[in-house]
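Engineer: In UniProt numbering, the protein residues as written are 1 to 200. We put the CB at the ideal spot given by N, CA and C, even for glycine. As the structure is a computational prediction, the values presented were derived from the model and not from experiment. Got a structure for you, questions after.
Okay, here's the thing in structure tokens:
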């Protein structure tokens, strides 16, 4: 079975990737290897994803995929964007980030609360050019949180066509429509970089 390293220490992301890859690959992460977080100094999702993937691929000489993802809100000119994980401060705090978004949109009518989740996956491998794949999931920001599943901004990300928030979906259903799923599908269809004969 091929092995793919996912460049993250976020246990929720690792679980989602493992679920989406299924039996296609053995998924490892930065929780399994000795490497510090890679600084996300890029100005776009593409730049940040590529930075992480290339650094780890070079260090371990294996195929790596890294994702950079976040929430874009039209009424906030695309914020929080690449700063989604630290929108309320340098320390990552989902509750504080969500509270800040709700405060900034307080009183905003429903039709102006359009938003999307964005995920860019970078696929890097030694001696190959890095490829990036973008996936999105459209919705809007609800006035209050609902649902106990998911993580990040899921409890306030409302899916009009389903009548629920992302956090109200069972994980297996979320993984069929999410921005991360969309990006991963594009990568599976197009990328030649994620191939490895490494065995567990």
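Give me the Cα-Cα distance between residue 200 and residue 67, rounded to the nearest whole angstrom.
Structural biologist: Model confidence at residue 200 stands at a pLDDT of 37, short of 50, so the residue's coordinates are unreliable; what they give is reported in the following sentence. Straight-line Cα distance between these residues: approximately 23 angstroms.
Engineer: Return helix, strand or coil for residue 56, following the three-state DSSP convention.
Structural biologist: helix
Engineer: Measure the beta-carbon distance from residue 61 to residue 126 and round it to whole angstroms, keeping in mind my assumption that it falls under 8 angstroms.
Structural biologist: 5 angstroms
Engineer: How about the segment 133-153 and the segment 102-115: do they share at least three Cβ pairs that are nearer than 8 angstroms?
Structural biologist: yes
Engineer: Considering only residues of the same chain and omitting the five flanking positions on each side of residue 74, which have a CB-CB separation below 7 angstroms?
Structural biologist: 114 and 115
Engineer: When you compare only the Cα positions, how much space is there between residue 182 and residue 94?
Structural biologist: 23 angstroms
Engineer: Under three-state DSSP, which class holds residue 19?
Structural biologist: helix
Engineer: Using a threshold of 9 angstroms, state whether the C-beta atoms of residue 132 and residue 49 are closer than that.
Structural biologist: Between residue 132 and residue 49, the CB-CB gap stays under 9 angstroms.
Engineer: Taking the straight line between their C-alpha atoms, what separation do you get for residue 205 and residue 4?
Structural biologist: This structure cannot speak to residue 205, because the chain is shown only from 1 to 200.
Engineer: Report the residue from 168, 63 and 79 whose alpha carbon sits nearest the alpha carbon of residue 25.
Structural biologist: Closest by alpha carbon: 63.
Engineer: Report the residue from 39, 21, 166 and 13 whose alpha carbon sits nearest the alpha carbon of residue 31.
Structural biologist: Checked all of 39, 21, 166 and 13; the closest Cα to residue 31 is 13.
Engineer: Ignore the nearest five residues each way along the sequence and tell me which others in residue 119's own chain have a CB closer than 6 angstroms to its CB.
Structural biologist: 67, 69, 135, 179, 180 and 183
Engineer: Taking the alpha carbon of residue 150 as the reference point, which residue from 129, 161 and 173 has its own alpha carbon closest?
Structural biologist: Taking residue 150 as reference, the option from 129, 161 and 173 with the minimal CA-CA separation is 173.
Engineer: Taking only three categories from DSSP, how would you classify residue 117?
Structural biologist: strand
Engineer: Does DSSP classify residue 33 as helix, strand or coil?
Structural biologist: coil
Engineer: So for residue 81, helix, strand or coil by DSSP?
Structural biologist: helix
Engineer: Tell me the start and end of each unbroken beta strand (DSSP E) in the segment 106-185 that is at least 3 residues and wholly inside, in chain order.
Structural biologist: 114-124, 131-141 and 157-159
Engineer: Output yes or no for whether 9 angstroms exceeds the beta carbon distance between residue 16 and residue 171.
Structural biologist: yes
Engineer: Can you tell which of 162, 152 and 6 has the C-alpha that lies nearest to the C-alpha of residue 92?
Structural biologist: Per the Cα distances, 152.
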